[in-house]
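The letter at position 124 of the sequence shown is residue 124 when you use this note's numbering, and the numbering goes up by one with no holes.
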Amino acid sequence: MIGELEMAATEIRKNMIKLNNIYNEDCIPFMQKMAEENALVDVIVTSPPYNIGKKYGTYNDNKEKGDYLDGLQEVAVKSLSILKQDGSFFLNVGGRDPFSIVQRFKAAGYELQNTIHWIKSISIDPEDIGRNNGLRDINNNDNISIGHFKPFNSDRYLSDLQEYIFHFTKNGNVKIDKFADGVGVTYQDKSNIKRWERNAKRDRRDRGNVWLIPYPTIQKHRPHLAVFPVKLPQRCIELHGIEPNMLVYDPFMGIGNTALACVRLGVNYIGTEIDAGQISGLTSTTRQPITEYGLTQSNIGHGRNLLGYFNL
Ligand SMILES: C[S@@+](CC[C@H](N)C(=O)[O-])C[C@H]1O[C@@H](n2cnc3c(N)ncnc32)[C@H](O)[C@@H]1O
C-alpha cells in the first residue's frame with residue numbers, strides 16, 4: 001500500500017512544473033496548469049509577438065487584428081489567476097497600436113499602474129546637452145547620438161526608436177522599489193541630495209519612466225528577430241522589488257532574456273516558448289542554483305546556462 005502511494009506521489013511530481021526551466025509549450029494551457037498547481041508568481045515580464053509579420057517559425061505573426069487582440073486578452077485573463085495580489089505584469093509592446101492591447105488588458109481586469117518608455121536610441125542637439133554634465137565638448141557642434149539606430153526604409157514613417165513597457169497590477173496600488181540598485185539614479189548636482197529631503201540619506205533619485213536601454217553592441221549572434229535586451233526585464237524585476245524566493249514568469253520567453261535576467265538577479269523563473277527553434281540555442285550544461293519555492297518538495301529544476309549566450 002505504501003509502495004503504491006509512493007509511486008502515485010512520484011507520478012504527480014514528475015508532472016509538476018519545475019523552477020528555473022523554459023518549457024517548449026503554449027503559454028495559455030501552461031498558465032492553466034500553473035493555476036491548478038497553485039504556482040503563484042510575483043512578476044510577469046514579457047514581450048508578446050507584435051503581429052507585424054515577423055517570421056517566428058511556429059507562431060504566425062500575421063493574424064487578423066481581432067484574433068490577435070483576443071489572444072492577448074486571453075493571456076491577460078489567464079495571467080490574473082497566477083499573479084499574486086501584489087504582483088506586477090510588465091508588458092513590453094511596440095508596433096503601431098499598443099494602446100488597443102492596453103484596452104484588452106483593462107477589459108481583462110488589470111489596472112495600468114505605470115507607463116514606461118523604452119528608448120533604444122536618442123540624438124541630442126548640442127544646445128540641449130547642458131553645461132555641467134561632462135558630455136559636451138564646447139568645440140564640437142555635432143549632436144550626440146546614443147544607442148543602436150536602425151533606420152526605417154519609409155517615406156511615411158519615422159524610424160521607430162522606442163517601445164512601451166506597460167506596468168499592470170491587480171489594483172493599481174502596488175508599492176514599487178523606485179530607488180533599488182539598477183533602478184534609481186545618482187544626482188548629477190549633488191546639492192540636490194539635501195534639497196530633496198525625503199531622499200536626503202543617500203545619493204539616489206527616481207529614474208522616472210523614460211528608460212534608455214540600447215541593445216548591447218557585443219553580441220555574437222542574434223538568432224531571434226525580436227528580442228529585448230536583458231537589462232529590460234532585469235530593471236522591471238528590480239523595480240517591482242526583489243524578495244527572497246520570488247518567482248518570475250515569462251509566457252513568451254523567446255531566446256531566454258528574462259531567464260538570464262533572473263539568473264543575474266538570483267531569482268527563480270519559469271518560462272514558456274512555443275517555438276522549439278528559439279530555445280534550442282540555449283545550452284543546458286550548467287545547473288543554476290535554485291531555491292525551493294514550494295511548488296513541490298523535490299523541485300530541482302534544470303537551469304539553462306544562458307550566460308555564455310551574450311558576451312557579458
Ligand atoms: C517578441 S518574441 C519574445 C522575445 C523575448 N523577449 C526575447 O528577448 O527573446 C515573442 C515570442 O513568443 C513566442 N510565442 C508566440 N505564441 C506563443 C504562445 N502561445 N506560447 C508561448 N510562446 C509563444 C514566439 O515564438 C516568439 O518567440
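For every residue, glycine included, the Cβ atom is placed at its ideal position computed from N, Cα and C.
Taken through DSSP and simplified to helix, strand or coil, Thr186 comes out as coil. If you draw a straight line from the Cα of Lys150 to the Cα of Arg264, it comes to about 28 angstroms. Checking the 8 angstroms criterion, the Cβ of Phe252 is within range of a heavy atom belonging to ligand 1.
By the criterion of at least three beta-carbon pairs nearer than 8 angstroms, the stretch 110 to 129 is not in contact with the stretch 181 to 188. Judged by their CB atoms, Ser81 and Phe168 are not nearer to each other than the 9 angstroms cut-off. Gln85 is the residue among Gln85, Ala108 and Ala259 whose C-alpha sits nearest the C-alpha of Val174.
If you draw a straight line from the Cα of Glu243 to the Cα of Asp142, it is about 45 angstroms long.
Secondary-structure assignment with DSSP links Ile119 through a beta bridge to Gln162 and Leu212. Judged by DSSP in its simplified three-state form, Lys55 adopts strand. The straight-line gap separating the alpha-carbon atoms of Leu239 and Ser47 is approximately 17 angstroms. Beta-bridge pairing by DSSP links Leu239 to no other residue. The Cβ-Cβ distance between Arg104 and Gln73 falls below 9 angstroms. When the alpha-carbon of Gly271 is set against those of Ala261, Phe252, Gly277 and Gln278, the nearest one is in Phe252.
It is roughly 14 angstroms from the alpha-carbon of Phe228 to the alpha-carbon of Ile116.
Excluding sequence positions up to five before and after Val41, its CB lies within less than 8 angstroms of the CB of Met34, Ile82, Leu83, Lys84, Gly87, Leu247, Val248, Tyr249 and Ile270, all in the same chain and listed in chain order. The continuous beta strand (DSSP E) containing Phe89 extends over residues Leu83 to Val93. Contact check for Ala261 against Val230 passes: the beta carbons are separated by less than 9 angstroms. Listed as beta-bridge partners of Asp137 by DSSP are no residues whatsoever. Sixteen is the threshold: when 16 or more other Cβ atoms of the shown chains lie within 10 Å of the Cβ of Thr258, as they do, the residue is buried. For Thr186, the CB stays at least 8 angstroms from every heavy atom of ligand 1. Sequence-distant Cβ neighbours of Ile176 in its own chain, meaning closer than 7 angstroms and more than five residues away, are Leu239, His240 and Gly241. Of the residues Gly172, Asp206 and Asp160, the one whose Cα lies closest to the Cα of Ala180 is Asp206. Between Ile119 and Phe166, the gap from beta carbon to beta carbon reaches 9 angstroms or more.
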